[in-house]
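Numbered according to mature numbering (1 follows the signal peptide of the UniProt record, and there is no 0), the sequence shown spans residues -25 to -1, 1 to 182.
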Amino acid sequence: MFMTNGSRAFKALIIAVAVLAPAHAGLSAPQSLRSMITGAVTSQPIGHYEFCKALPDECSIRSRPSVPPKVTEHGWNVIRDINASVNHAIIPMTDAEIYGREEVWAYPVDLGDCEDFVLLKRKKLMEAGFNAADLLITVVRKPDGEGHAVLTVRTQSGDFVLDNLNDDVKLWTDTRYAFLKRQSSTDTGRWVTIENGTSDVLVGALQ
């Protein structure tokens, strides 16, 4: 929905034939483990539900099932730059501190929590030409048990994570998170489980 003629042209560059994933990312992970396996439809986070009520167009994007795109070196540079630039531009602060209540998902201006970082990165990547079907808000659990949100980028090299706690873009299996659920790649208002998100292949994942 953020597409322009210029961004469509840029998208053509992003999904060009050459695949150049971030250097050394996920080289230790077998090909079968580089992508998350999603399962049944599951509950939508309350914050996302309220976000969708306020901005229904954000949650009504439908896509046909598709193969993740190949990403060029230029595309990876865009992904890395957006991850780091948003991380540095927004001051992390909880919803309670900003709004006086929990679970407020919104595009941040200068303050935000993890979901707000994700929303802004997703928007910027869509404006750069990436497809909404490949930019998925994802709920994880940190090793200390605390809930957290990251952005998953689907690629033919695997699923990569953009995280406000780390400027490096990592293959999901190279994080220490337990992956619980994420947006469906075919419906931005629907959420699905992650079937292999808490397996032993994830270092530090909760059982």
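We put the beta carbon where it would ideally sit given N, CA and C, even for glycine.
Please read these numbers as outputs of a predicted model, since none were measured by experiment.
For the pair GLU48 and GLY75, the Cα-to-Cα distance works out to about 42 angstroms. Two segments are said to touch when three or more pairs of C-beta atoms, one from each, lie closer than 8 angstroms; by this definition the stretch 63 to 74 does not touch the stretch 155 to 172. The DSSP-derived three-state label of ILE36 is coil. DSSP lists no beta-bridge partner residue for LEU94. Take the alpha-carbon of MET68 and the one of ASN141: they are about 16 angstroms apart.
Under DSSP, LYS117 shares a beta bridge with no residue. DSSP places ILE12 in the coil class of the three-state scheme, outside both helix and strand. Contact between the stretch 50 to 70 and the stretch 110 to 118 is absent: fewer than three C-beta pairs spanning the two stretches fall below 8 angstroms.
Counting C-beta atoms within 10 angstroms of its own C-beta, VAL84 has fewer than 16 neighbours from the protein chains shown and is therefore classed as exposed. Here ASP138 is bridged, per DSSP, to ASN141.
If the five residues before and after ARG129 are omitted, its C-beta is found closer than 6 angstroms to the C-beta atoms of PRO43, ASP109, all from its own chain and listed in chain order.
Within the same chain, no residue comes within 6 angstroms of SER18 by CB-CB distance, once the 5 residues on both sides are set aside. Scanning PRO40, ALA124, LEU86 for the CA closest to the CA of PRO20 turns up ALA124. VAL144 is positioned such that its CB atom lies closer than 7 angstroms to that of ASN58. Around the C-beta of ARG39, fewer than 16 other C-beta atoms lie within 10 Å, and the residue is accordingly described as exposed. Only exposed fits LYS28, as fewer than 16 other CB atoms lie within 10 angstroms of its CB.
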